[in-house]
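In this note's numbering, the protein residues as written are 9 to 404. Cβ atoms here follow ideal geometry from the backbone N, Cα and C, with glycine treated the same way. Here is the structure we will look at.
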Ligand SMILES: [Fe+2]
């Protein structure tokens with residue numbers, strides 16, 4: 009009988025263990041299904057990423073708040089000594105996204121480079137009730153956060169907060185960790201984009217300096233045209249802007265305008281400043297300047313076709329221009345704009361061999377030859393700039 013009882017006890021024990029094992033497996037399966045479902049949502053979020061890492065970071069923060077069933081979700085980072093909430097989900101309308109970092113839980117998470125997910129329950133009884141203004145103001149009870157890193161540096165923190173007691177389970181911790189790592193990747197590409205922007209800005213400034221130096225070089229040799237290139241550049245840029253050309257084309261025109269006579273560097277200064285009429289040979293020498301300018305600029309890798317615009321700025325629609333005698337559509341639009349601006353500025357200004365004709369006469373000239381020498385749309389817009397838009401050349 010005793011033996012029978014023992015066998016019965018053993019059987020019950022094994023049965024209980026099996027049941028426990030089955031419950032464990034069932035829970036494991038439920039957890040896996042939840043992780044799978046959440047991973048699909050993360051995947052969908054990643055597929056919807058745009059080129060702006062900040063927008064992507066915000067998307068990830070929103071997804072984190074949603075999947076964690078939080079009251080609010082935030083992604084905070086330190087910028088110029090302040091704590092900024094770059095990513096926000098369900099934050100109240102009066103929430104202040106910028107603050108001094110000291111005392112904020114998120115700042116401590118960043119500072120302590122928390123690898124593990126930090127969970128703080130009973131926030132109102134914690135030290136943060138005194139140091140972090142959001143705890144009491146928004147009646148927060150639980151904080152769950154983790155440091156966001158790239159290159160092993162802690163640069164921000166992802167957190168979800170609750171107005172109730174909350175303990176994240178394993179699957180929630182895994183999801184939180186994945187989203188936090190994804191934000192780290194986006195931070196990395198944001199940094200890359202900013203470095204690139206900074207480098208490009210430096211290059212643009214350096215290029216601007218080179219252009220200015222080139223412009224001054226030619227104007228030093230030809231003081232009568234001092235300021236001419238700058239004024240031509242201003243007018244050509246305004247025409248291009250009014251025509252609705254792309255930012256890149258406007259910049260190319262501005263730059264080409266500022267140095268369009270660089271080729272005159274090879275023309276003797278006595279010819280450039282000769283008070284009387286030029287003879288045929290002197291005229292021929294002057295006419296070499298677009299080609300010389302092209303040859304000077306061709307080896308320089310400008311981001312735009314500056315050399316071609318300069319080569320063609322004396323070409324005219326009917327083929328009567330120089331140096332190639334190009335006609336109509338064979339002349340690039342940027343050169344047609346620069347050509348009109350050049351003529352208007354040159355005619356309205358004083359020269360050693362003649363007084364200035366004034367802007368009225370200059371506009372008459374381009375109008376008379378509209379469609380013959382000059383592109384009609386460019387002429388119309390130039391007219392409009394000086395009449396209804398009150399454009400004025402900068403004083404010399
Ligand atoms: Fe010229």
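Taking C-beta separations shorter than 6 Å and ignoring five residues to either side along the sequence, residue 310 has no partners in its chain.
Assignment of residue 60 by DSSP, reduced to helix, strand and coil, places it in the coil class.
Taking the C-beta atoms as reference points, residue 180 is found no nearer than 9 Å to residue 16. Closer than 8 Å to some heavy atom of ligand 1: that does not describe the Cβ of residue 331. Note: residue 91 is bridge-paired with 86, 107 in the DSSP secondary-structure output. Within the same chain, and ignoring the five residues on either side of residue 69 in sequence, the residues whose Cβ sits closer than 6 Å to its Cβ are 81, 83, 95, 97. If you check the C-beta of residue 365 against ligand 1, you find no heavy atom less than 8 Å away. Under the Cβ criterion (8 Å, minimum of three pairs), the region 101-119 counts as touching the region 149-157. Taken through DSSP and simplified to helix, strand or coil, residue 165 comes out as strand. Closer than 8 Å to some heavy atom of ligand 1: that describes the Cβ of residue 269. With a cut-off of 8 Å on Cβ pairs, the region 158-172 is in contact with the region 188-202, counting three or more such pairs.
For the set 230, 312, 251, 110, the Cα lying nearest the Cα of residue 269 is the one of 230. When the five nearest sequence neighbours on each side are left out, the beta carbons in the same chain lying within less than 8 Å of the beta carbon of residue 149 are those of 129, 130, 131, 132, 170, 171, 172, 173, 174, in order along the chain.
In chain order, 260, 263, 264, 305 place their CB closer than 7 Å to the CB of residue 314, counting only its own chain and leaving out the 5 sequence neighbours on each side.
The distance from the Cβ of residue 390 to that of residue 348 is about 6 Å, consistent with a contact at the 8 Å cut-off. Taking 8 Å as the cut-off, the C-beta of residue 109 does not count as close to any heavy atom of ligand 1.
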